[in-house]
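Engineer: In the numbering used here, the protein residues as written are 274 to 387. Backbone N, C-alpha and C define an ideal beta-carbon position, used for all residues, glycine too. Attaching a single structure in structure tokens format; questions to follow.
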Amino acid sequence: MDWGKVTYIFFSLMSLTTTAGFLYEPNAVALFLAAGVNVISTILKIGVKNLLAAELLASSLVADLHLIPAFMVLTFIGDEPMAIALAIGAVVANLFSIALALIESAKSQDKEDY
Numbered sequence: 274m275d276w277g278k279v280t281y282i283f284f285s286l287m288s289l290t291t292t293a294g295f296l297y298e299p300n301a302v303a304l305f306l307a308a309g310v311n312v313i314s315t316i317l318k319i320g321v322k323n324l325l326a327a328e329l330l331a332s333s334l335v336a337d338l339h340l341i342p343a344f345m346v347l348t349f350i351g352d353e354p355m356a357i358a359l360a361i362g363a364v365v366a367n368l369f370s371i372a373l374a375l376i377e378s379a380k381s382q383d384k385e386d387y
């Protein structure tokens, strides 16, 4: 088992679920946790060397660039609908990232079968 892969997929899923948690209960703490977990996920993806590494990193950066401004908008301006809209964008980026990770896993299993 590749523990590096387990770790970065764990944080990708954790980012998705914490962002979904914010959508269920929109508050600054939930959004801060979602952004923090996503930043950790992004940092972990920097070291990944596989076929879709650039796409995985790009999708994680997109989620960062939705969650960090969403936190600022919610905290400093208090515009909850805008923060929720940005968080929905992060969810879409995280879903894309998970789909890429699943495709990468399927491709790596194909190589191991040969």
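(1) Sort I282, L304, V279 by Cα distance to T291 and report the nearest one.
(2) Within a Cβ cutoff of 8 angstroms, which residues of the same chain sit near L359, ignoring the five residues on either side of it in sequence?
(3) If we ignore side chains and look at the alpha-carbon of each, how far apart do D352 and I361 end up?
(4) What span of residues does the alpha helix (DSSP H) with T348 cover, start to end?
(5) Which of the three DSSP states is assigned to G320 in this structure?
(6) State yes or no: is the C-beta of V310 within less than 9 angstroms of the C-beta of M287?
(7) Take T280 as the anchor and find which of I316, D337, Q382 has the nearest alpha-carbon.
Structural biologist: Walking through what the data contain:
(1) Among I282, L304, V279, the Cα nearest to that of T291 is on L304.
(2) H339, L340, P342, A343, V346
(3) 15 angstroms
(4) Unbroken run through T348: none, as it is neither H nor E.
(5) coil
(6) The Cβ atoms of V310 and M287 lie closer than 9 angstroms to each other.
(7) I316
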